[in-house]
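**Student:**
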Amino acid sequence: FVLTNPELLRETLSTNEENLVRGMHMLTEDIKAGGGHLKIRQSDASKFEVGRNLATTPGKVIFQNELMQLIQYEATTKETFKTPLLIVPPWINKFYILDLTAEKSFVKWCVDRGITVFVISWVNPDARVAQKSFDEYMREGPLAALDAIETVTGQRKVNTVGYCVGGTLLAITLAWLAAKKQDRVLSATLFTAQVDFAHAGDLLVFVDEERIKALEDKMKAQGYLEASNMATAFNLLRSNDLIWPYVVNNYLKGKNPFPFDILYWNADATRMPAANHSFYLRNCYLDNKLTKGEMEVGGVMLDLKKVKVPVYNLATREDHIAPAKSVLEGSKYFGGPVKFVLAGSGHIAGVVNPPAKKKYQFWSGPKAEGSDINQWMAKAKMVEGSWWDDWFAWLKGHDDTMGPAPKIGGGKVKPIEDAPGSYVKMRE
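In terms of the numbering used here, the sequence shown opens at residue 30 and continues consecutively.
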């Protein structure tokens, strides 16, 4: 490879092969860091630290259990909207993708606009929570968060956001609440989240009965799936972007990768608890039970048509994990009004796109019908820039009542520790 690549050949000759020596040293370090498996570094990890220059929006952990910590963020305005916002991130990654640097933080952006924000920070699971079911993730995750928020703010109903699998869990929670006739949610926003998995994209390559059974056997031995397994699967989906450039840069050129906050977060992966992950793969990807009305969670058969709350359903145009076609298709299964919005870029950059950056574009307008994204786009209106302001206007349209900014904990709950909390700092 070196001999057939003029750039690498010049580099090797000019450094007297020192680039290859450095590269082999980095390769050895990466194999050691991966516990015997290659864990390719995609960013200069020495430049970042959660709580120091990532996830720095001020707040407190006001509740915790075995599965999550609930963070309440400090108000920066004298008045805030009375309806709080609960964000349910994926447990496959860590929540601070929505609170990267101050300039990119969706959390800070919301707080600065007068929203009282609460975020779930999932634990990085080990064998102790191996048998925590999907049902328990719902009960000890969003349902427990709703109760804690009511205790702190006095508000029975909240606005909600769910990202990726966190959005799938949120949709399931909404269906469960609807079945139980519990009116706890004013609106729901789904970021690149699937409820129908018929067109679930490239990840379907890894899902069949044989592969899931092998994965279950592997998880049974230790109670969880190593974070590196999930990270490798996601990286393989975009190997031209997330693998090969770093093989060349790191191991052949012998250079450290550029410090990049999103790729640092991407490498800060979490383990998957056995029972939860098995349920998710089988009931969603393999059997697609949710939109068929065949999924049972918490003793309830779920029906998304009973979900009447307004939904802001965001897809991204280049998403390889939750394809726009799949997210569009899922819109028709809800029983209430759905606003489908398509953002430019992909699963991460299309979501983490603050208006000040003036990047990309988004489409909105037509009713969410079918799964033909091109047909939908032909009728849609394109707007340059971020979708965040459009979402904020939609959110205010459901309740714009303001009141004095609440204190952390509301005087009823003693804060446990400063944000971003300790759960997010647990590494593999």
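Backbone N, C-alpha and C fix where the C-beta goes; we use that ideal spot for every residue, glycine too.
Can you say whether K242 is buried or exposed, counting buried as having 16 or more other CB atoms within 10 angstroms of its CB?
**Tutor:** Working through the sequence shown from its first residue, we reach residue 242 at position 213. Result: exposed.
**Student:** Quick test of your reading: L203 and V338, contact by CB under 8 Å. State the CB separation rounded to the nearest angstrom.
**Tutor:** Taking the first residue of the sequence shown as position 1, residue 203 is located at position 174. Taking the first residue of the sequence shown as position 1, residue 338 is located at position 309. Their Cβ separation, rounded to whole angstroms, is 7 Å, which keeps L203 and V338 in contact under 8 Å.
**Student:** Leaving out five residues before and five after P366 in sequence, what residues of the same chain have Cβ atoms less than 8 Å from its Cβ?
**Tutor:** Taking the sequence shown and counting its residues from 1, one reaches residue 366 at position 337. Once the five neighbours on either side are set aside, the close Cβ partners of P366 are P339 and V340.
**Student:** Less than 8 Å separating the beta-carbons of T221 and H376?
**Tutor:** Here residue 221 refers to the residue found at position 192 of the sequence shown. Here residue 376 refers to the residue found at position 347 of the sequence shown. In this structure, H376 lies closer than 8 Å to T221 by Cβ.
**Student:** For the beta strand (DSSP E) holding G438, just list the boundary residues, first then last.
**Tutor:** Residue mapping note: residue 438 aligns to position 409 of the sequence shown, counting from 1. Here G438 belongs to no beta strand (DSSP E), and DSSP marks it neither H nor E.
**Student:** CA-CA distance, M248 and P302?
**Tutor:** On the sequence shown, position 219 is the one that residue 248 refers to. On the sequence shown, position 273 is the one that residue 302 refers to. Going from the Cα of M248 to the Cα of P302 covers about 8 Å.
**Student:** Counting beta carbon pairs with one atom in the stretch 71-78 and one in the stretch 275-293, are three or more of them shorter than 8 Å?
**Tutor:** The stretch 275-293 is in contact with the stretch 71-78.
**Student:** For the alpha helix (DSSP H) containing I116, list its first residue and its last residue.
**Tutor:** Counted from its first residue, the sequence shown places residue 116 at position 87. Note, I116: premise wrong, no alpha helix (DSSP H); beta strand (DSSP E) at L114 to V117.
**Student:** Using a Cβ-Cβ cutoff of less than 7 Å, which residues in the same chain neighbour H427 once the five nearest sequence positions on both sides are dropped?
**Tutor:** Translated into the one-based positions of the sequence shown, residue 427 becomes position 398. Only L215, S216 and P339 meet the Cβ criterion.
**Student:** From this set, R39, T44, L42 and M53, which residue's C-alpha is nearest V276's C-alpha?
**Tutor:** Residue 276 sits at position 247 when you count from the first residue of the sequence shown. Nearest option by C-alpha distance: M53.
**Student:** Tell me which same chain residues have a C-beta within less than 6 Å of the C-beta of G80, skipping the five on either side of it?
**Tutor:** Here the question's residue 80 lines up with position 51 in the sequence shown. The answer, listed in chain order, is P449.
**Student:** Looking at D164: is its Cβ nearer than 8 Å to the Cβ of V326?
**Tutor:** Taking the sequence shown and counting its residues from 1, one reaches residue 164 at position 135. Taking the sequence shown and counting its residues from 1, one reaches residue 326 at position 297. Closer than 8 Å, so yes.
**Student:** Which word fits Q71, buried or exposed, when buried means at least 16 other C-beta atoms lie within 10 angstroms of its C-beta?
**Tutor:** Indexing the sequence shown from 1 puts residue 71 at position 42. With 16 or more Cβ atoms within 10 Å of its Cβ, Q71 is classed as buried.
**Student:** Would you report the Cα separation of Q184 and I178, rounded to the nearest angstrom?
**Tutor:** Indexing the sequence shown from 1 puts residue 184 at position 155. Indexing the sequence shown from 1 puts residue 178 at position 149. If I take the Cα positions, the gap works out to 7 Å.
**Student:** Going by C-alpha to C-alpha distance, which of G328, K441 and L281 sits closest to P35?
**Tutor:** Here residue 35 is taken as the residue at index 6 of the sequence shown, counted from 1. Comparing Cα positions, the closest option is L281.
**Student:** Is the beta carbon of W120 closer than 8 Å to that of V194?
**Tutor:** Position 165 of the sequence shown holds residue 194. Position 91 of the sequence shown holds residue 120. For V194 and W120, yes; Cβs fall inside 8 Å.
**Student:** Residue range of the beta strand (DSSP E) that I91 falls in?
**Tutor:** Position 62 of the sequence shown, counted from the start, is the residue given in the question as residue 91. It spans G88 to Q93 - the beta strand (DSSP E) in which I91 sits, taken as one unbroken run.
**Student:** Tell me the residue span of the beta strand (DSSP E) that contains N279.
**Tutor:** Here residue 279 is taken as the residue at index 250 of the sequence shown, counted from 1. Here N279 belongs to no beta strand (DSSP E), and DSSP marks it neither H nor E.
**Student:** Relative to the C-alpha of T112, which candidate in L175, Y166 and I100 has its C-alpha closest?
**Tutor:** Here residue 112 is taken as the residue at index 83 of the sequence shown, counted from 1. Minimum Cα distance to T112 is reached at L175.
**Student:** State the DSSP-derived secondary structure class of W416, mapped to helix, strand or coil.
**Tutor:** In the sequence shown, counting from the first residue as 1, residue 416 sits at position 387. In this structure, W416 counts as coil in the three-state DSSP scheme.
**Student:** So, W138 versus P435, is the Cβ gap smaller than 8 Å?
**Tutor:** Translated into the one-based positions of the sequence shown, residue 138 becomes position 109. Translated into the one-based positions of the sequence shown, residue 435 becomes position 406. Result no, Cβ atoms of W138 and P435 do not sit closer than 8 Å.
**Student:** So is the beta-carbon of W420 under 7 Å away from any non-hydrogen atom of the ligand ZN?
**Tutor:** This structure lacks the ligand ZN, and indeed carries no ligand of any kind.
**Student:** Give every residue of the same chain whose Cβ lies closer than 7 Å to the Cβ of D59, excluding the five residues on either side of it in the sequence, and list them in chain order.
**Tutor:** Residue mapping note: residue 59 aligns to position 30 of the sequence shown, counting from 1. Taken in chain order, the residues that qualify are L67, K68, I69 and R70.
**Student:** On the three-state DSSP scale, how would you describe S307?
**Tutor:** For the purposes of this step, residue 307 is taken as the residue at position 278 of the sequence shown. Note: S307 maps to helix in three-state DSSP.
**Student:** Among A208, V236, A407 and F147, whose alpha-carbon lies nearest the alpha-carbon of F308?
**Tutor:** Reading the sequence shown from its first residue, position 279 is the one you call residue 308. If we check each option's Cα against that of F308, V236 comes out closest.
**Student:** When the Cβ atoms of the stretch 410-422 are set against those of the stretch 381-396, are three or more pairs found closer than 8 Å?
**Tutor:** Touching, yes.
**Student:** Within 10 angstroms of the Cβ of L38, are there 16 or more other Cβ atoms? Answer buried if so, exposed if not.
**Tutor:** Here residue 38 refers to the residue found at position 9 when the sequence shown is read from its first residue. Exposed is the call here.
**Student:** Report all residues from its chain with a CB closer than 7 Å to the CB of L424; omit the five preceding and five following residues, and keep chain order.
**Tutor:** Residue 424 sits at position 395 when you count from the first residue of the sequence shown. For L424, where only same-chain residues beyond five positions count, the Cβ hits under 7 Å are N188 and S216.
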